[in-house]
Structure formats: structure tokens, C-alpha cells
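Okay, structure first, notes after.
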Amino acid sequence: MTRTYTPKAGEIQRDWVVIDATDVVLGRLASHAAAILRGKNKPTFAPHIDTGDFVIIINADKVALTGQKALQKKAYRHSGYPGGLKAVGYAELLEKNPVRAVEKAIRGMLPKNSLGRQQLGKLKVYTGDVHPHAAQQPKPYTFPQVAQ
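Just so it is clear: in the sequence shown, position 112 is 112 by full-length UniProt numbering, and no numbers are missing.
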């Protein structure tokens, strides 16, 4: 009988990946980043263990939205108090805080438990094209697709 392989904590190899978000559609960027954070691109993937890599996203302010999403889509947050629901349009959110827009999209594609919060901690998002993680020697990530 063959047993299911479960990676041990010491066997997990974590790499650093840098993604340039210039003119990349937000949903496509989020789905690829979430898969890398979870470790789904590795042969040792296990859904109950964090086997993913660190992800650095640069140029978050240059991310693209398709169709009328910039005008019609809204980002919601709640204060926790009755009547505390706040809504802001994505055009305003991308203008004021593009890091929050990218993090919100990726957070929605991760598990909603302590494992998902641990995986989200490996995400680093920056608005410019410079980041303080050069010492980790991140590898550039290219999207396996044709031009948008």
C-alpha cells in the first residue's frame, strides 16, 4: 500500500520570486501569486502545510483592470461595529493605496484560516520598481501567456 507523501518542516525549500506587475491584469497576477505562495507549483505540495515560496510584487501601482472594473468594482471593509461597512471604488483605491488593492486580491485567493494568514506573511508588495530584498537573490517570474 502506497502512503501519501507529507513534507517535513526541514525538507521545505523556500525560494524568493519577484513579479513585475506592470500592465498585468489584477486577477491573473493574484492567482499566480497565490499559487506560488501556497506552493502549488512544487511537486511536494501538500494542502495542509505551507510549502510555498516568498513573493515580491513590484510596480503594484501599474497593475491593470479589464473592462469597467476601475469604475464599477468596489473594495469593501468593515470596522466591526454595526453600520461600519465602508466601500471605495477601485479607481480611487489604486490611486491612493495600490498595495492594499493587490494584497486584497491575493488574500481572497488564499485559505481563510491560520495557514492562509501564514502564507500571506510571505507576500511583499511595493509600488516602485525597487525592493529591499536583493540579498535574497529573487528569481524573476514570467507569466506563461501571450500579451494582454
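Here a beta-carbon is modelled for each residue, glycine too, at the ideal position from N, C-alpha and C.
Since the model is a prediction, treat every value here as computed from it, not as a measurement.
- The Cβ-Cβ distance between Asp50 and Gln136 does not fall below 8 Å.
- Here Glu95 is exposed, its C-beta having fewer than 16 other C-beta atoms within 10 Å.
- If one requires a minimum length of 4 residues, the alpha helix (DSSP H) runs lying completely within the region 44-103 are 69-72 and 90-96, in chain order.
- For Leu37, the secondary structure class from DSSP, reduced to helix, strand or coil, is helix.
- When beta bridges are read from the DSSP output, Pro140 appears opposite Val18.
- In this structure, Ala35 and Ile58 do not form a Cβ contact; the two beta carbons are roughly 19 Å apart against a cut-off of 8 Å.
- Taking Trp16 as reference, the option from Asp53, His48 and Phe45 with the minimal CA-CA separation is Asp53.
- In this structure, DSSP gives Leu120 a helical state, which the three-state scheme calls helix.
- Per the C-alpha coordinates, the member of Gly128, Ala30, Gly67 and Asp61 positioned closest to Gly108 is Ala30.
- In this structure, the straight-line span from the alpha carbon of Gly84 to that of Pro98 is close to 22 Å.
- Counting the other Cβ atoms within 10 Å of the Cβ of Ala60 gives 16 or more, which makes it buried.
- Taking the C-beta atoms as reference points, His131 is found nearer than 8 Å to Ile56.
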